[in-house]
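Engineer: Start counting the sequence shown at 1; every next residue gets the next number (my numbering). The beta-carbon is built from N, C-alpha and C at its ideal position, and this holds for glycine as well. Small disclaimer: the values here were computed from a predicted structure and weren't measured.
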Amino acid sequence: MRFFLKGIPFVLFALFFFLLFFASPPAFPREVLPFGFCPKYNPRIMVQLYQPFIDYLNETTPYQFELKLSRYYQEIVDQVGRGEILIASCGPVSYIKARERYGVRPIVRALSKDGNPSYRGITIVRRDSPIQRLQDLVGKRFAFGQAWSTAGHLLPQYYLMKAGIGLRDLKAYAFLRHHDSVVGAVLKGQYDAGAVKDIVAYQHEKEGLRFIFITDPIPTVPIIAAKKAPSEMIASVRSALLRLGRDPSISPQRMALWDEEFKYGFTEAKDSDYDPIRVILRAIPLDSDKKGRVRD
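1) Let me make sure I understand the geometry here. Which of Arg44, Pro34, Val32 has the alpha-carbon closest to that of Asp259?
2) Counting pairs of Cβ atoms below 8 Å between the region 253–269 and the region 147–166, do you hit three or more?
3) What span of residues does the beta strand (DSSP E) with Val108 cover, start to end?
4) If you drop the 5 nearest sequence neighbours on each side, which residues of the same chain put their C-beta closer than 7 Å to that of Pro285?
5) How many Å lie between Phe53 and Cys90 at the Cα?
6) To the nearest angstrom, how far is the alpha carbon of Ala110 from that of Thr220?
7) Mapping DSSP to helix, strand and coil, what is Arg99?
8) So, with DSSP's three-state summary, where would you put Leu69?
9) Would you please state the rounded distance, in angstroms, between the beta carbons of Leu160 and Leu176? I believe it to be under 8 Å.
10) If you draw a straight line from the alpha carbon of Leu33 to that of Glu66, how long is it in whole angstroms?
11) For Glu261, count the other beta carbons within 10 Å of its own beta carbon; 16 or more makes it buried, fewer makes it exposed. Which is it?
12) Is the region 240–247 touching the region 139–150 in the sense that three or more CB pairs, one from each, lie closer than 8 Å?
13) Since His269 and Ile85 should fall inside the 8 Å C-beta cutoff, what is the C-beta to C-beta distance between them, to a whole number of angstroms?
14) Given Asp297, which residues of its chain have a CB within under 7 Å of its CB, disregarding the five upstream and five downstream residues?
15) Mapping the DSSP letters down to three states, classify Lys113 as helix, strand or coil.
16) What are the residues that DSSP puts in a beta bridge with Ser118?
17) Cutting at 6 Å between CB atoms, please list the residues of its own chain near Pro222, excluding the five before and the five after it.
18) Who are the near neighbours of Arg238 in its chain, counting only those whose CB is closer than 7 Å to its CB and skipping five residues on each side?
19) Kindly indicate which three-state DSSP category Val32 falls into: helix, strand or coil?
20) For Gln132, count the other beta carbons within 10 Å of its own beta carbon; 16 or more makes it buried, fewer makes it exposed. Which is it?
Right, dumping it as structure tokens:
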């Protein structure tokens, strides 16, 4: 009996370590995967608007993503193509270029405030500008976005062409780094007009902007996956994003501070959704040769 009692502490000690090491397996940190974003805004604003989106994915999928920013649209496209980034958010032009070069896949595309998967480009001027229409831009200074920006470059150059205006008809033009860079340059009078996506134009309208042209609707920004991205990851991210705006357990307040482009949820995406952009690209071919000409 005395031997039995003396053995109890040892048994309890052994049981404690058994439970510690075997009953609940150790939690190993998840591999960190970069989630790429094309440079729509300056880096500070990008982090502010998109880090909460990344946090949501980290909580609702088995994966640990981190925000990956870039200086150029082409940079993210090439990183996805090389498999350095498995998942990214880029505009329609960047998606088409990535699809042609690297075979990337669209996972979902964003919904706008009206519930449709479309948005528009807007040509902006200062409120006190005498410019009233696109035809008035002959001999004026124009601020584009980056070379592969859909609303910042492709659309305005296409609609200028339809209005009978080529780049040579402008007094000057430049490719600026971000949409908010274009807004600032127009408001400061550095350029007579500029082109941005609709949500940016509306956000800054009260600061002294006026709109002289609004494009037809185009398909919204897709979330794209690299060709080598695991199907399990794609399915997990797709499921998490399609729940937004549909699952009552996800509070709308959670998305209130997200970028306007993502806060209304997502819908399924397929490659043919972007055929309207391909039509415009055939009329206005874009190349990467202007990458080095972007001004800060």
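Structural biologist: Per the coordinate set shown:
1) Stepping through the sequence shown from its first residue, residue 259 is reached at position 259. Checked all of Arg44, Pro34, Val32; the closest Cα to Asp259 is Arg44.
2) Remark: fewer than three beta-carbon pairs, one from each stretch, lie closer than 8 Å, so the region 253–269 and the region 147–166 are not flagged as touching.
3) Taking the sequence shown and counting its residues from 1, one reaches residue 108 at position 108. First-last of the beta strand (DSSP E) with Val108: 105–110.
4) In the sequence shown, counting from the first residue as 1, residue 285 sits at position 285. Here the set comprises nothing.
5) Counted from its first residue, the sequence shown places residue 53 at position 53. Counted from its first residue, the sequence shown places residue 90 at position 90. Taking the CA atoms as reference points, Phe53 sits about 15 Å from Cys90.
6) Translated into the one-based positions of the sequence shown, residue 110 becomes position 110. Translated into the one-based positions of the sequence shown, residue 220 becomes position 220. Their Cα atoms are separated by approximately 6 Å.
7) The residue you call residue 99 lines up with position 99 of the sequence shown. In the structure shown, Arg99 falls within a helical segment according to DSSP collapsed to helix, strand and coil.
8) For the purposes of this step, residue 69 is taken as residue 69 along the sequence shown, with counting starting at 1. Strand at Leu69.
9) What you label residue 160 is simply residue 160 of the sequence shown in a count that begins at 1. What you label residue 176 is simply residue 176 of the sequence shown in a count that begins at 1. Contact between Leu160 and Leu176 is ruled out by a C-beta separation of about 17 Å, above the 8 Å threshold.
10) Translated into positions along the sequence shown, residue 33 becomes position 33. Translated into positions along the sequence shown, residue 66 becomes position 66. Here the C-alpha atom of Leu33 lies approximately 6 Å from the C-alpha atom of Glu66.
11) Locating residue 261 in the sequence shown gives position 261, counting from the first residue. Around the beta carbon of Glu261, a 10 Å sphere encloses 16 or more other beta carbons of the protein chains shown; the residue is thus reported as buried.
12) Counting C-beta pairs closer than 8 Å gives fewer than three between the region 139–150 and the region 240–247, which falls short of the contact rule.
13) As a first step, residue 269 is located in the sequence shown; it is residue number 269 there, counting from the start. As a first step, residue 85 is located in the sequence shown; it is residue number 85 there, counting from the start. Reading off the sequence, residue 269 comes out as Ala, not His. Actually they are not in contact, since the Cβ atoms of Ala269 and Ile85 sit about 18 Å apart, beyond 8 Å.
14) The requested residue 297 is not part of the displayed model; the chain covers only 1 to 296.
15) The residue given as residue 113 occupies position 113 in the sequence shown. Under the three-state reduction of DSSP, Lys113 is assigned to coil, being neither helix nor strand.
16) On the sequence shown, residue 118 is found 118 positions in, with the first residue counted as 1. Answer is Pro219, bridged to Ser118.
17) Residue 222 sits at position 222 when you count from the first residue of the sequence shown. Excluding the 5 residues flanking it on each side, Pro222 has same chain C-beta neighbours closer than 6 Å at Tyr95, Pro106, Arg109, Ala269, in chain order.
18) Stepping through the sequence shown from its first residue, residue 238 is reached at position 238. A distance below 7 Å between beta-carbons, with the five flanking residues on each side excluded, links Arg238 to the following residues of its chain, in chain order: Ile107, Val108.
19) Locating residue 32 in the sequence shown gives position 32, counting from the first residue. Looking at Val32 - three-state DSSP - the assignment turns out to be strand.
20) The residue given as residue 132 occupies position 132 in the sequence shown. Counting C-beta atoms within 10 angstroms of its own C-beta, Gln132 has fewer than 16 neighbours from the protein chains shown and is therefore classed as exposed.
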